[in-house]
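In my numbering, the protein residues as written are 23 to 231. Beta carbons: idealized from backbone N, C-alpha and C, even for Gly. This report refers to the structure that appears directly beneath it.
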């Protein structure tokens, strides 16, 4: 479950980039009537945007992991070694409009359908720290975590954190798709398109950094 400190912030659709693209398309497309907008021109101008960043989320997760001695039954009656980690990371949602041939249908009257590439989802760990370490206790004797054990627990916590982040991503599909549609409508309307429909791919590219 995500912590109460979770922060969601919408990018304002790359205002500076969109504004510059808008001016560029307005000037270059001012001589085109809606029924003169060709598929080639549409593709070229949309691809000129490059990477379209549509949403960013910043999350803070608390993950607890522990070491249990599976091969020693006596540990069942003792206290295992534990560590709690706080992860702060961002999730960026974007579309690489130059990732491959962009497919666009144009009915010749300014009504355009854009078949979107897979969404790129990048998980970037901004900060992590151990805020609680608990030694193991066996027969009343404390055994502190070793450096190697801390590293193992960190890797386990990182995997758990990534799993929780993927669950979060699934709940925001509509938001990042709506943001992409709003942005591309702004861009395509600037050079004469009457209406724009986006068809989204079910595939996604994920990267954990």
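Nearest candidate by alpha-carbon position, reference residue 199, set 162, 88, 181 and 137 = Taking the chain shown and counting its residues from 1, one reaches residue 199 at position 177. For the residues 162, 88, 181 and 137, the minimum Cα distance to residue 199 belongs to 137.
In chain order, what residues of the same chain have a beta carbon less than 7 Å from the beta carbon of residue 223, not counting five sequence neighbours either side?
-> Within the chain shown, the letter at position 201 stands for residue 223. For residue 223, where only same-chain residues beyond five positions count, the Cβ hits under 7 Å are 138, 139 and 140.
Starting from residue 198, follow the alpha helix (DSSP H) in both directions and report where the run begins and ends.
-> Numbered from 1 along the chain shown, position 176 holds the residue referred to as residue 198. 195 to 212 is the extent of the alpha helix (DSSP H) around residue 198.
Quick one: what's residue 245 bridged to in DSSP?
-> What is shown of the chain runs 23 to 231, which leaves residue 245 out entirely.
Could you say which of 221, 228, 226 and 230 lies nearest to residue 127 if we only look at CA atoms?
-> Position 105 of the chain shown, counted from the first residue, corresponds to residue 127. When only C-alpha atoms are compared, the closest one is 221.
Environment of residue 193 [buried if 16+ CB atoms lie within 10 Å] | One-based indexing of the chain shown puts residue 193 at position 171. The residue is exposed, with fewer than 16 neighbouring Cβ atoms inside 10 Å.
In its own chain, which residues sit with a C-beta less than 6 Å from the C-beta of residue 135, not counting the 5 before and 5 after it?
-> Taking the chain shown and counting its residues from 1, the one referred to as residue 135 is at position 113. If the five residues before and after residue 135 are omitted, its C-beta is found closer than 6 Å to the C-beta atoms of 127 and 219, all from its own chain and listed in chain order.
What number of angstroms, rounded off, separates the C-alpha of residue 187 from the C-alpha of residue 133?
-> Your numbering for residue 187 matches position 165 in the chain shown. Your numbering for residue 133 matches position 111 in the chain shown. Computed Cα separation, rounded: 37 Å.
Own chain, CB closer than 7 Å to residue 118, minus 5 neighbours either side, in chain order = Residue 118 sits at position 96 when you count from the first residue of the chain shown. These residues qualify, in order along the chain: 73, 139 and 142.
Could you give the DSSP three-state label for residue 70: helix, strand or coil?
-> Residue 70 sits at position 48 when you count from the first residue of the chain shown. Three-state result, residue 70: coil.
Can you tell me which of the three DSSP states residue 181 falls into?
-> Counting from 1 along the chain shown, the entry for residue 181 is found at position 159. Here residue 181 sits in helix by DSSP.
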